[in-house]
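Trainee: Number 132 in full-length UniProt numbering belongs to position 132 of the sequence shown; there are no gaps in the numbering. Virtual Cβ for every residue (Gly too), placed ideally from N, Cα, C.
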Amino acid sequence: MESLLHNHASIDIHTYATLLQQCGERRALGDGKALHAHIASRLPNPPLFLSNHLLGMYAKCGSARDALAAFDSMRDRNVVSWTTIVTAFAHAGHPTAALRLFQRMLAEGIAPNKVTFVAVLHACSDSRELLDPGRMIHRCCEESGLTRDRSVAISLANMYGKCGDVDTAASMLDEMFQPDVIAWSAVITGFAQQGRSSDALHLFRRMQHEGVIANKITLVATLSACTNSSALADGKFLHSLIAEKKLESDVIVGGALVTMYTNCGSLDDARLAFGAVRRPNVIAWTAMISACVHFGELDEALQIFRLIEAQCLDDRELLLDGIVFVPLINACARLTDLSQGRRLHARISSDESIKVDVQLGNALVNMYSKCGSVEEAARVFDGMKYRSTVSWNTMISAYAVAGHSDKVLWMFHRMQQDGVEPDEVSFVGVLSACNAAGTVEEGCKYFGLCCEDYRILLEPQHFGCLIDLLGRVGYLDEAERLLRRMTEPDVMAWMMMLDACRVHNDLTRAKAAAERVLELDPGNSAAYIMYTQSS
1 MESLLHNHAS IDIHTYATLL QQCGERRALG DGKALHAHIA SRLPNPPLFL
51 SNHLLGMYAK CGSARDALAA FDSMRDRNVV SWTTIVTAFA HAGHPTAALR
101 LFQRMLAEGI APNKVTFVAV LHACSDSREL LDPGRMIHRC CEESGLTRDR
151 SVAISLANMY GKCGDVDTAA SMLDEMFQPD VIAWSAVITG FAQQGRSSDA
201 LHLFRRMQHE GVIANKITLV ATLSACTNSS ALADGKFLHS LIAEKKLESD
251 VIVGGALVTM YTNCGSLDDA RLAFGAVRRP NVIAWTAMIS ACVHFGELDE
301 ALQIFRLIEA QCLDDRELLL DGIVFVPLIN ACARLTDLSQ GRRLHARISS
351 DESIKVDVQL GNALVNMYSK CGSVEEAARV FDGMKYRSTV SWNTMISAYA
401 VAGHSDKVLW MFHRMQQDGV EPDEVSFVGV LSACNAAGTV EEGCKYFGLC
451 CEDYRILLEP QHFGCLIDLL GRVGYLDEAE RLLRRMTEPD VMAWMMMLDA
501 CRVHNDLTRA KAAAERVLEL DPGNSAAYIM YTQSS
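1) Which residue marks the beginning of the alpha helix (DSSP H) containing S350, and which one marks its end?
2) Does the distance from the C-beta atom of V358 to that of W392 stay below 8 angstroms?
3) Is the CB-CB distance between S197 and A225 below 8 angstroms?
4) Specify, as a first and last residue, the run of the alpha helix (DSSP H) that T116 falls within.
5) Using only the alpha-carbon positions, how far apart do A256 and G161 sit?
6) Using the C-alpha atoms, what's the distance from C312 back to D31?
7) CA-CA distance, K385 and R342?
8) Using a threshold of 8 angstroms, state whether the C-beta atoms of L20 and M57 are closer than that.
9) CB-CB under 6 angstroms to V88, same chain, minus the five flanking residues each way: which ones, in chain order?
10) Verify whether the separation of the beta carbon atoms of G190 and A169 is less than 8 angstroms.
11) Indicate, with yes or no, if the ligand NAD has a heavy atom lying under 7 angstroms from the CB of S198.
12) Note down, in chain order, each residue of its chain lying with its Cβ closer than 8 angstroms to the Cβ of I154, except the 5 sequence neighbours on either side.
13) Can you tell me where the alpha helix (DSSP H) holding K236 begins and where it ends?
14) First and last residue of the alpha helix (DSSP H) that includes K60?
15) Compute the distance between the beta-carbons of R509 and E480, then report whether it is under 8 angstroms.
16) Specify, as a first and last residue, the run of the alpha helix (DSSP H) that Y531 falls within.
17) How about I213 and L203: do their beta carbons lie closer than 8 angstroms?
18) In its own chain, which residues sit with a C-beta less than 7 angstroms from the C-beta of D351, not counting the 5 before and 5 after it?
19) T84 lies in the alpha helix (DSSP H); which residues open and close that run?
20) Which same chain residues end up closer than 6 angstroms to L409 when comparing Cβ atoms and leaving out the 5 residues on each side of it in sequence?
21) I think L482 touches L470, with their Cβ atoms under 8 angstroms apart; what is that distance to the nearest whole Å?
22) In this structure, how does DSSP classify V365 when only helix, strand and coil are distinguished?
23) Report back the beta-carbon spacing between A402 and G429 to the nearest angstrom; my notes put them in contact at under 8 angstroms.
24) I'd like the ranges of any alpha helix (DSSP H) spanning at least 4 consecutive residues and lying wholly in the segment 440 to 469.
25) Kindly indicate the opening and closing residues of the alpha helix (DSSP H) around D72.
26) Out of S171, L146 and T336, which one is the CA nearest neighbour of A157?
27) Would you kindly work out how many angstroms separate the C-alpha atoms of I308 and W285, rounded to a whole number?
28) So T389 is in the alpha helix (DSSP H); what residue range does that whole segment cover?
29) In or out: residue 536 buried (at least 16 other Cβ within 10 Å) or exposed?
30) Quick one: is F49 buried, meaning 16 or more other Cβ sit within 10 Å of its Cβ, or exposed?
31) Is it the case that the Cβ atoms of M497 and G464 are separated by a distance below 8 angstroms?
32) Would you mind sorting H345 into buried or exposed? The rule is 16 or more other CB atoms within 10 Å of its CB.
33) Using a threshold of 8 angstroms, state whether the C-beta atoms of L476 and C501 are closer than that.
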């Protein structure tokens, strides 16, 4: 390329276009920028088709920022220009920017073509929050008469599937003429991710019946729909298809098989599936460790972990990842094995290459809190760079279980100040703390905050905390009113009411509460004794 650039006479605009295309295909951003500078020095106002090639080069090189700078400097733009810049941002992981550019395109009166729609629908499929813009674009497709175009229809099905509206995605399949494996896979994946396993499996069978050959993506998505022992036969059938395609040794498929057999309750099959993987990566190792932990085989999980460590020493390209530690830390939490948990934490801290992300940080906080070391949990929490709602809830629950009611409320206020919106779990911790401390006024305040300010759907645990609190301090009228606000008061709620009536010697209410407990749980001896004593 350098010799061509020095020999000005030998280069015409078509050669420039070819060179830009080659830079894009090779993702040679440095060469592309040098070529751009050379073109700018010779052609201050390049023709539109050459400017579009320049945009395409930056888009293929993944440099959306450079593409936008080139786009903004163009005097004229056509549908190819707009489509290229939308595609650049969509594929660079900037869906909101891609949508804004699409809206600018419409505002400037440029009619999108099918390639534009495919690009902007790809952007919408990046997040469930973009479902409404995706629906708007669907309407634009209908107005343009492009919904029956194969590529647009597949993109619509993919967008709806990834955004969580799988029923609409499935209806797109019905409208499509001979949907291909990509469209089927998108909808199957959507059903599986929403926990609609039977729908995902039914769709896979329908795809087979229509003669569409499953690919690796389809098989992995359908395996994820096999989530319990009743789906083991389906999982084994999928395994047989994988064996026919000679994909058992594939690291992604192998990891999916291990997870499927774990979910379906067969550790032996999980071991066999893992053994067939040619070169396990961190994800496959983690799947096998998770399988062992799931079945209570912590020693085997630790043995596998040591094998990974040994392999990392032999193979410099294989690096330990924080995700490997998550199932091990979770096992320590479940077994309340503080010493093993500390050893694993020390191993994490000793390796600078291991990043403590939100998932691993949450696992460590949970482990320390479950093992009764709230101080260590707090140290990990305070050291986390990013915290999710789960992070805050874990710390709130840790303080609540430890009986530190004041710290629960302090943590709750910190959470709000940090801009994290509390959820139903947050309020269970807060109301539990108020109950433990016997602070009726605070309990009522947070109960009102939960249902009025945050519009959280109240669950039995929320009612139970406040009913118990009101009942213990003798506010039986208020406790009973709250109890009757519940759609279907459970045994626990009535038992709390019964216990409060017993403590405060309200035999009439105690008898009524005992009757309700016995209706729900006829074998409840405590309620039966109270009923006979109050009769």
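Mentor: The relevant details are as follows:
1) L338 to S350
2) Taking 8 angstroms as the cut-off, the beta carbon of V358 is found no closer than this to the beta carbon of W392.
3) yes
4) K114 to C124
5) 20 angstroms
6) Using only the alpha carbons, I get a separation of about 36 angstroms.
7) 20 angstroms
8) yes
9) Before going further, note that residue 88 is Ala rather than Val in the sequence given. Hits under 6 angstroms: A59, A64 and A67.
10) Against a cut-off of 8 angstroms, the Cβ pair of A169 and G190 comes out as a contact.
11) Of the ligands one can find in the structure shown there are none, so the ligand NAD has no counterpart to examine.
12) M176, P179, D180, I182, A183 and A186
13) L232 to E244
14) Where K60 is concerned, the enclosing alpha helix (DSSP H) stretches over L48 to K60.
15) Cβ atoms of R509 and E480: closer than 8 angstroms.
16) S525 to S534
17) When the beta-carbon positions are compared, I213 and L203 stay at least 8 angstroms from each other.
18) L320
19) Boundaries of the alpha helix (DSSP H) around T84: V79 to H91.
20) none
21) 7 angstroms
22) helix
23) A402 to G429, Cβ: 11 angstroms. No contact.
24) 440 to 448
25) A64 to D72
26) S171
27) Put simply, the backbone Cα of I308 is about 8 angstroms away from that of W285.
28) T389 to V401
29) This structure cannot settle anything about residue 536, because the visible part of the chain is limited to 1 through 535.
30) exposed
31) no
32) buried
33) yes
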